[in-house]
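Working notes for the structure below.
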Amino acid sequence: MADKSGSVMVLGAGIAGMQASLDLANSDYNVYLVDKTPTIGGMMARLDKTFPTNDCAM
Amino acid sequence: MISPKLVEVGRHTNINLITNSEIKSIEGDPGNFTVNLVNHPRYIDPVKCTGCGECARHCPVTAVNEYNLNLDDRRATYIQYAQAVPLAFAIDTDTCIGCGLCENMCIAKAINYDDEERESSVTVGSVILSSGSRGFDPSQLDFLGYGKHTNVVTSEEFERILSASGPYFGHLMRPLDREEPKKIAWLQCVGSRDTNRSGNGYCSSVCCMYAIKEAMIAKEHAHGDLDCVIFNMDMRSFGKDYEKYYNRARYKDGVRFEKGRIHTITEEPETGDLKVRYADETGMAQEETFSMVVLSVGLKIPDTSAELAERLGIELNKYNFVNTDPFAPVCTNRPGIYTCGVFQGPKDIPGSITEASAAACLAGGDLAEARGTDIEKVEVPDEKDVADQAPKIGVFVCNCGINIGGIVDVPDVQEYAATLPNVVFTDSNLFTCSQDTQDKIKEMIVEHNLNRVVVASCSPKTHEGMFMETLEACGLNKYLFEMANIRNQNSWIHSNDPELATRKAKDLVRMSVFRAAELKPLEEKLVHVNKRALVIGGGIAGMNAALGLGRQGFEVVLLEKDSEMGGFARKLHHTIEGKDVQAYLKQLIEEVNANEKVQVMTDARIVGFEGFKGNFATQVEVGPDAEKHKIEHGVIIVATGANEYKPKEFLYGEDDRVITQVALTDRLEEKGASDLSTVVMIQCVGSRNEENENCSRICCQSAVKNALHIKKLNPDAQVFVLYRDIRTYGLLEEYYTEARKQGVIFIRFDKDAPPTVEATSEGLVVTVKDHILQQNVAISTDLLTLSAGMAATDTDELSRIMKLNRSPEGFFIEAHVKLRPVDMPSEGIFLCGSAHGPKLISETVSQSQAAASRATTFLAKDAIKLSAITAKVDVDHCVKCLTCVRSCPFGVPIFNEDEKVIEINEAICHGCGVCTAVCPRQTIQLSFYEDDQITSKIDALLEAA
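So the protein lines, in turn, are chains A and B.
Following my numbering, the numbering of the first sequence begins with -1 at its first residue and continues without gaps.
Following my numbering, the numbering of the second sequence begins with 7 at its first residue and continues without gaps.
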């Protein structure tokens, strides 16, 4: 088998895809983060505050 | 909260963003996939676009704004929101009329009307699918009147209504007449727990909590009294500390919770108010009028994700969530392809983040030998020497949308800042945290030769690190930075007095400018990372964490206090899905024992601990002879688990017919259920009470699992479950539905009127007030099973030795409940399994893999930087009174007997400043918070404005 790639593809750039990408990138893997929309952030970027701390979602 | 992460993703050199794109197909094998992508046209080149917004300002076409859920308009040339990453506009060609204005206006020449769909491909070793969900569309449910009655909105729309960047700029208004509502109803389970109308038999897991939040925030935004009523079947606040939040809403904020099923919603034509008809818990028809109704819509997997799964050969369940095994919760059926977040199953943000790290653990673990081969090394520019320069301060004042700008007169504050000493440049920004502003700050630092930067915006807790990185990226020492919090400590508090808020903003900015002038460049020391991990606890959590790290190629020492591994899981038989826990445990223990990277120490007890991230040393006593070992390691994973609560209630321990769910499982395995004619179960024993305010999360599913098991073994046996709220979240709901189908009887009781138990010679008699019959029901039963909650393992000694914080209930505390669910507050220490809080085996597996991933981000580095914010003793003036030694909460200062001096090891100093404050001789200085730097702020405050 050919040598392994040191890259990972993450499909969907909501909070989950972003966290997976950051962990991999900070562990020295190269990441392709793909999203269907023009911007990352997903559903969390549309929230106002978050439970249970009432911190601003943005 | 997400904004700093957006920026971090956007600026990370190892992350390539590919937007407007979808996966067409994946070919090849794990370790070497070719992913073929379809890149849809954006019509604006994201590389050339500067995000200036001239195109959108001149666009003559109005289109509905999907970001605000169609509640307002945007232009055909648009960007979703101000902090968007990448900060680049796009053209919506469905509405664009091709007038050419934007192309004429764009100085960067980024507009490309001829952009077209392309295909591209990349080579990767693993793939993670995290395509998420969207809100259920309630327009198919006629009786709710959504789409017909304007003041019926979805919870997603209500989030936008509450948001400062939403259609109403954060003012609480209803859509019909933009009047402030006086009474709002939330209707739960719209598109969830509903097989009849929507076909979704699962619980969406998040709606109860977000409804509580929306009600609390709406009350905060309201100018007068606002009545908030949440209509529900069960309130499901099952997460860590969520019950406390529910209780706060209920008892402190006055949110009303009503058990009821909605019949219809009709609109009163003259007022636009909404008449809600519902059946209350006794089955009686009720009617109540509201000014607005919010539908708590569930999470739904979009059809496009189902189509993608079909193209890729990924198995989904009947609701289109990825089919996963409880023991391998982030693995799809296709090796090398993983999943996380809501595509895996309904869950909240901390759950999604945890699973994302778990997926990263496995996706990266497959490629461990190739780690570092596909990345470019980051070059931080050499630091400019500014130590001898006179201060040249740049001040950036943030509007934070309208959060600050709507109250504080930002241009006035900016103008004022320009008059302050040493200030050579000022600017104001819509969002100072956005990516384009970081670039702008860098440009201004270079152009004006700034050697100090002040940002007047929000909290340094969330944003300081990001701004400091911006300074570093252009060769300025990151400690030459100061923040004035003119939002949390000003505009949010003084929103009713803009003049005062503006004056205070000026005071805060002046204080920061004075302090900035006193700042000195500080050096962050590099320390070597010991690439070995210590995992504490050899249950399912500890073993999975150890294996996760082993696969990444790191050595692990796994400590177990008992003589054998397995932890609490040794007492369990099957998961609710029917998976054999003992077979899994056996396989897991074999894998751990066979893994040459993992060294197991059983009968181990931690007796000493020292060190700091990257360089810890732990003393342990192992085996019956307490043989002493010293383990050196770079990270720690805490996986000490939990136990079943030992009840004091309901005759437990007095009558052997009263047992716990764990004991019932044993009993059913050993003796079956043929001799049982009636079994009663009581929920929330040792949970949701004065002693333990929280929900134990797993007991409802334990009860349902055992009830189904009894029915399977003996269909004639009668099973009664006495409960307060049934919390079978996510896909567990299906088992609850099945239990009711099988004839298990669920009776709700109030916390204030719990069941009573009487022991008689014929059997036990349990009496409970039935809410439908409104009278007491007495049930004679062979067995009473108590759904005892989970109690944290006794970790008093461990938490004292390792200085790890725990909640009042004894569970370890994570760094941030939302965004850092597996990190502990001290760096290099991670947390997983039920040591963090009660959870299912599947959740434990993913959290422990997540902890391994988080630990890998440390262990992958040869060296890490230490914070330069540490305390230093001036030994010449110190009188060795030992006040600092006694005061430090982390035990860092020590008296060196040989040298006769106080020593503070800067590598373990947390920089909290306690010693600095208590030193009677002021001989300890905390760098970045030196006396002069603090008094300069006080001087500035007292100076007449």
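By construction, the Cβ of each residue, glycine as well, lies at the ideal position given by its N, Cα and C atoms.
Since the model is a prediction, treat every value here as computed from it, not as a measurement.
Rounding to the nearest angstrom, what Cα-Cα distance links residue i and residue j in this structure?
{"i": "residue 593 of chain B", "j": "residue 392 of chain B", "result": "60 Å"}
{"i": "residue 28 of chain B", "j": "residue 219 of chain B", "result": "34 Å"}
{"i": "residue 481 of chain B", "j": "residue 122 of chain B", "result": "40 Å"}
{"i": "residue 72 of chain B", "j": "residue 162 of chain B", "result": "11 Å"}
{"i": "residue 316 of chain B", "j": "residue 105 of chain B", "result": "40 Å"}
{"i": "residue 52 of chain B", "j": "residue 165 of chain B", "result": "29 Å"}
{"i": "residue 139 of chain B", "j": "residue 842 of chain B", "result": "27 Å"}
{"i": "residue -1 of chain A", "j": "residue 856 of chain B", "result": "Caution is warranted here: a pLDDT of 46 is assigned to residue -1 of chain A, below 50, making its placement in the model unreliable, and no coordinate value can be reported."}
{"i": "residue 723 of chain B", "j": "residue 258 of chain B", "result": "43 Å"}
{"i": "residue 21 of chain A", "j": "residue 866 of chain B", "result": "11 Å"}
{"i": "residue 626 of chain B", "j": "residue 638 of chain B", "result": "11 Å"}
{"i": "residue 848 of chain B", "j": "residue 274 of chain B", "result": "48 Å"}
{"i": "residue 514 of chain B", "j": "residue 450 of chain B", "result": "22 Å"}
{"i": "residue 7 of chain A", "j": "residue 43 of chain B", "result": "11 Å"}
{"i": "residue 207 of chain B", "j": "residue 651 of chain B", "result": "31 Å"}
{"i": "residue 831 of chain B", "j": "residue 920 of chain B", "result": "17 Å"}
{"i": "residue 128 of chain B", "j": "residue 752 of chain B", "result": "54 Å"}
{"i": "residue 216 of chain B", "j": "residue 225 of chain B", "result": "14 Å"}
{"i": "residue 838 of chain B", "j": "residue 362 of chain B", "result": "14 Å"}
{"i": "residue 704 of chain B", "j": "residue 735 of chain B", "result": "10 Å"}
Taking the alpha carbon of residue i as the point to measure from, which residue in the options has its own alpha carbon closest?
{"i": "residue 754 of chain B", "options": "B/730, B/533 and B/365", "result": "B/730"}
{"i": "residue 741 of chain B", "options": "B/450, B/771, B/707 and B/762", "result": "B/707"}
{"i": "residue 543 of chain B", "options": "B/799, B/874, B/15 and B/153", "result": "B/799"}
{"i": "residue 298 of chain B", "options": "B/282, B/89 and B/623", "result": "B/282"}
{"i": "residue 497 of chain B", "options": "B/419, B/546 and B/430", "result": "B/419"}
{"i": "residue 435 of chain B", "options": "B/423, B/405, B/152 and B/520", "result": "B/405"}
{"i": "residue 458 of chain B", "options": "B/598, B/203 and B/396", "result": "B/396"}
{"i": "residue 508 of chain B", "options": "B/539, B/590, B/414 and B/861", "result": "B/414"}
{"i": "residue 272 of chain B", "options": "B/160, B/745, B/295 and B/285", "result": "B/295"}
{"i": "residue 767 of chain B", "options": "B/773, B/780, B/787 and B/203", "result": "B/787"}
{"i": "residue 607 of chain B", "options": "B/782, B/562, B/118 and B/923", "result": "B/562"}
For residue i, I'd like the list of residues in its chain whose CB is within less than 8 Å of its CB, leaving aside the five on either flank, ordered along the chain.
{"i": "residue 719 of chain B", "result": "674, 678, 679 and 680"}
{"i": "residue 712 of chain B", "result": "667, 670, 671, 674, 687 and 791"}
{"i": "residue 85 of chain B", "result": "57, 59, 62, 93, 94, 95 and 96"}
{"i": "residue 23 of chain B", "result": "15, 16, 91 and 92"}
{"i": "residue 472 of chain B", "result": "10, 13, 14, 439 and 444"}
{"i": "residue 269 of chain B", "result": "149, 283, 284, 285 and 291"}
Tell me which residues share the same chain as residue i and place their Cβ nearer than 7 Å to its Cβ, disregarding the 5 neighbours each side in the sequence.
{"i": "residue 750 of chain B", "result": "713, 717, 725 and 727"}
{"i": "residue 67 of chain B", "result": "81, 82, 101, 102 and 103"}
{"i": "residue 388 of chain B", "result": "481"}
{"i": "residue 682 of chain B", "result": "716, 720, 723, 788 and 789"}
{"i": "residue 329 of chain B", "result": "321, 322, 323 and 339"}
{"i": "residue 580 of chain B", "result": "586 and 587"}
Spatial neighbours of residue i within its chain, please: C-beta separation below 6 Å, excluding the five flanking residues on both sides.
{"i": "residue 506 of chain B", "result": "500"}
{"i": "residue 824 of chain B", "result": "355 and 356"}
{"i": "residue 228 of chain B", "result": "178"}
{"i": "residue 192 of chain B", "result": "217, 236, 300 and 302"}
Between the segment 379 to 395 of chain B and the segment 36 to 56 of chain A, can you find at least three pairs of beta-carbon atoms closer than 8 Å? No contact exists between the segment 36 to 56 of chain A and the segment 379 to 395 of chain B.
Kindly confirm or deny that the segment 517 to 537 of chain B and the segment 929 to 939 of chain B touch, where touching means at least three C-beta pairs closer than 8 Å. Output reads yes: the segment 929 to 939 of chain B touches the segment 517 to 537 of chain B.
Say whether the segment 253 to 266 of chain B touches the segment 170 to 180 of chain B, bearing in mind that this needs 3 or more beta-carbon pairs closer than 8 Å, one atom from each stretch. No, the segment 253 to 266 of chain B is not in contact with the segment 170 to 180 of chain B.
Taking only runs that begin and end inside the segment 487 to 567 of chain B, name each unbroken alpha helix (DSSP H) of 4 or more residues, in chain order. Taking only runs of at least 4 residues, the alpha helix (DSSP H) segments lying wholly in the segment 487 to 567 of chain B are 504 to 524 and 546 to 557.
Is the number of C-beta pairs between the segment 227 to 241 of chain B and the segment 344 to 357 of chain B that are closer than 8 Å three or more? Counting C-beta pairs closer than 8 Å gives fewer than three between the segment 227 to 241 of chain B and the segment 344 to 357 of chain B, which falls short of the contact rule.
Would you check if there are 3 or more beta carbon pairs closer than 8 Å linking the segment 572 to 589 of chain B to the segment 640 to 651 of chain B? Under the Cβ criterion (8 Å, minimum of three pairs), the segment 572 to 589 of chain B counts as touching the segment 640 to 651 of chain B.
The segment 485 to 493 of chain B contacting the segment 896 to 915 of chain B, beta-carbon criterion three pairs below 8 Å: Taking a contact to require three or more Cβ pairs closer than 8 Å, the segment 485 to 493 of chain B and the segment 896 to 915 of chain B do not qualify as touching.
May I ask you to verify whether the segment 46 to 65 of chain B touches the segment 110 to 119 of chain B, counting CB pairs closer than 8 Å and requiring at least 3? These segments touch.
Pair every Cβ in the segment 908 to 927 of chain B with every Cβ in the segment 467 to 481 of chain B, then say whether three or more of these pairs are closer than 8 Å. Between the segment 908 to 927 of chain B and the segment 467 to 481 of chain B, the count of C-beta pairs closer than 8 Å stays below three; the two stretches do not touch.
Contact between the segment 594 to 613 of chain B and the segment 547 to 558 of chain B: three or more CB pairs below 8 Å? Between the segment 594 to 613 of chain B and the segment 547 to 558 of chain B, the count of Cβ pairs shorter than 8 Å is three or higher; the stretches touch.
Per the contact definition of three or more C-beta pairs closer than 8 Å, is the segment 34 to 46 of chain A in contact with the segment 872 to 887 of chain B? Judged by Cβ distances under 8 Å, the segment 872 to 887 of chain B makes no contact with the segment 34 to 46 of chain A, as fewer than three pairs qualify.
Within 8 Å, do at least three Cβ pairs link the segment 238 to 252 of chain B to the segment 695 to 706 of chain B? Flag = yes, the segment 695 to 706 of chain B and the segment 238 to 252 of chain B touch.
Contact the segment 136 to 156 of chain B vs the segment 301 to 310 of chain B: 3+ CB pairs below 8 Å: In this structure the segment 136 to 156 of chain B lies against the segment 301 to 310 of chain B, because at least three pairs of beta carbons, one per stretch, are closer than 8 Å.
If we count Cβ pairs, one from each stretch, closer than 8 Å, do we get three or more for the segment 658 to 667 of chain B versus the segment 773 to 786 of chain B? With contact defined as three or more Cβ pairs closer than 8 Å, the segment 658 to 667 of chain B and the segment 773 to 786 of chain B are not in contact.
Using a Cβ-Cβ cut-off of less than 7 Å, give me the residues of the segment 41 to 68 of chain B that come near chain C, in sequence order. No chain C is present in this structure, whose protein chains are A and B.
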